[in-house]
Amino acid sequence: MIPSSGAEYSYFMVAFGPFPAYMFSWVSTIIIKPSQLAIICLSFAEYVVEAFAYECSPSNTLLKIVGMTTVAVVTLVNCLSVRLATTVQNVFCFCKLLAIFIIIAGGIYQMIIGERTEFLKDESTEIPSVGRLATAFYSGLWAYDGWNNLNYVTEEIINPKRNLPLSIIIAIPMVTVCYLLVNISYLAVMSPSEMVISDAVAVVSNLNLFYFIYKGGLLCKFKTE
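Just so you know, we're using the numbering used here here: the sequence shown kicks off at 6 and counts up by one.
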């Protein structure tokens, strides 16, 4: 309904006028977007380093170096070519979906063989506090952030009246299903305490899964012998 590019900026401009839109633009440029990029790159660094340092905690200095390198590489790719940036984005999107499929398949395997599924049972009698509920909702909003990425370039999209709603209709349910199945898979191979203390849940989850499969294979071998 609002054909201008700019996402929230355009929506604030129409709904509340130029001053709130102007303030949002500067806050987004100075604080929100750099903070998001820093969080994403640090999370990426934790997963990369955790895969090679499972038995010991990686140093904060190493995480910062990997995170800054990631920021530099992403910036360089986007400066070099839009086509290159699109290709890199598509490749990493495919890799993410493949990793999600592996995690979900591993969780389904664990539930089928019936190992460690007791973690899926919620036996807690604790009543969640308002603060924890607020944190849970905020984490959900963070997980689904990205609905507005195409809205920043609405005027450059081919047939935006069709393609913009279609992309959101496809993406949001897909993300919802992926997040639900991935979290169920985590709980099928990890205890809640393991999830809380881990900075890279997917890495620990896959290591636990491979251990269970390896252990199950050895047990079957011993039984047949």
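Heads up, the beta-carbon is just placed ideally off N, CA and C, and yes, glycines get one too.
(message) One question on the structure: do I109 and S172 come within less than 8 Å of each other, judged by their Cβ atoms?
(response) no
(request) Using three-state DSSP, classify M6 as helix, strand or coil. (result) coil
(message) Suppose you measure from the CA of I107 to the CA of I177; what does that come to, to the nearest Å?
(response) 21 Å
(request) Report yes if the CB atom of G72 is closer than 8 Å to the CB atom of A193, and no otherwise. (result) no
(message) My output table needs one value for M195: the three-state DSSP class, helix, strand or coil.
(response) coil
(request) Go through its chain and collect everything with a Cβ distance to L169's Cβ below 8 Å, but skip five positions before and after it. (result) L155, N156, T159 and I162
(request) Inspect the CB distances between the region 8–15 and the region 24–32 and report whether three or more fall short of 8 Å. (result) yes
(request) Pull up the CB-CB distance for Y184 and A148, whole angstroms please, since I reckon it's below 8 Å. (result) 6 Å
(request) Indicate whether V54 and L67 have their beta-carbon atoms separated by less than 8 Å. (result) yes
(message) Between V187 and I105, how many whole angstroms is the CB-CB distance? I'm expecting something under 8 Å.
(response) 6 Å
(message) When you compare the CB positions of T75 and C98, do they come within less than 8 Å of one another, or not?
(response) no
(request) Enumerate, from N- to C-terminal direction, the unbroken alpha helix (DSSP H) stretches of 4 or more residues contained entirely within the region 23–77. (result) 23–32 and 38–55
(message) Is the separation between the beta-carbon of L89 and that of V82 shorter than 8 Å?
(response) yes
(message) Here's the rule I'm using: 16 or more other beta-carbon atoms within 10 Å means buried, otherwise exposed. How should M1 be labelled?
(response) The first residue shown for the chain is 6 and the last is 230, placing residue 1 beyond what the model contains.
(message) Among the candidates F142, I70 and I118, whose CA atom is the shortest distance from the CA of S48?
(response) I70
(request) Please report how far the alpha carbon of S134 lies from the alpha carbon of P39, in whole angstroms. (result) 31 Å
(request) Please classify W152: does DSSP put it in a helix, a strand, or coil? (result) coil
(request) Following the continuous alpha helix (DSSP H) through T91, name the residue where it begins and the one where it ends. (result) V87 to I118
(message) Here's a check: name, in chain order, each residue in its chain whose Cβ is nearer than 8 Å to the Cβ of F17, leaving out the five neighbours to either side.
(response) P25, A26 and F29
(message) For a test of the three-state rule: what should DSSP assign to I174, helix, strand or coil?
(response) helix
(request) Please go through the same chain and pick out, in chain order, the residues whose beta-carbon is closer than 6 Å to the beta-carbon of N153, but skip the five residues on each side of it. (result) A12
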